[in-house]
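Just so you know, we're using our numbering here: the sequence shown kicks off at 19 and counts up by one. Below is one structure, written out as structure tokens; the observations come after it.
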Amino acid sequence: TATVLAQAIYREGVRTVAAGANPMALKRGIDKAVERATAAIKRLSKPVAGDMIAQVGTISA
């Protein structure tokens with residue numbers, strides 16, 4: 019999933035810059051989006067410990 023997202027961000031970024039957008043403005047926008055996405059994920063996250071860590075690993079595998 020992360021690879022697909024990274025590929026899409028790259029592809030659209032290249033297309034946008036080729037169309038005349040300012041590359042630094044694009045970078046700043048991506049940086050802001052990363053900050054907001056990270057903050058949202060942190061708000062939704064729940065701490066795990068002990069056996070729960072193994073369960074997360076099993077689900078992720």
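Heads up, the beta-carbon is just placed ideally off N, CA and C, and yes, glycines get one too. From a predicted model like this one, the values you see are computed outputs, not experimental measurements.
Beta-carbon proximity check, residue i vs residue j, cutoff 7 Å
i: Val34; j: Leu23; result: In the sequence under discussion, the amino acid at residue 34 is Thr, which differs from the Val named in the question. No; because the gap between Cβ atoms is not below 7 Å, this pair is not in contact.
Residue range of the unbroken alpha helix (DSSP H) whose run includes residue i
i: Thr21; result: Ala20 to Ala36
i: Ala51; result: Pro41 to Leu62
i: Val74; result: Asp69 to Ser78
C-alpha gap between residue i and residue j, whole angstroms
i: Thr19; j: Gly31; result: 18 Å
i: Ile27; j: Ala51; result: 11 Å
Cβ-heavy atom distance, residue i to the ligand NAP, below 6 Å
i: Arg61; result: As far as ligands go, the structure on display features none, and thus does not contain the ligand NAP.
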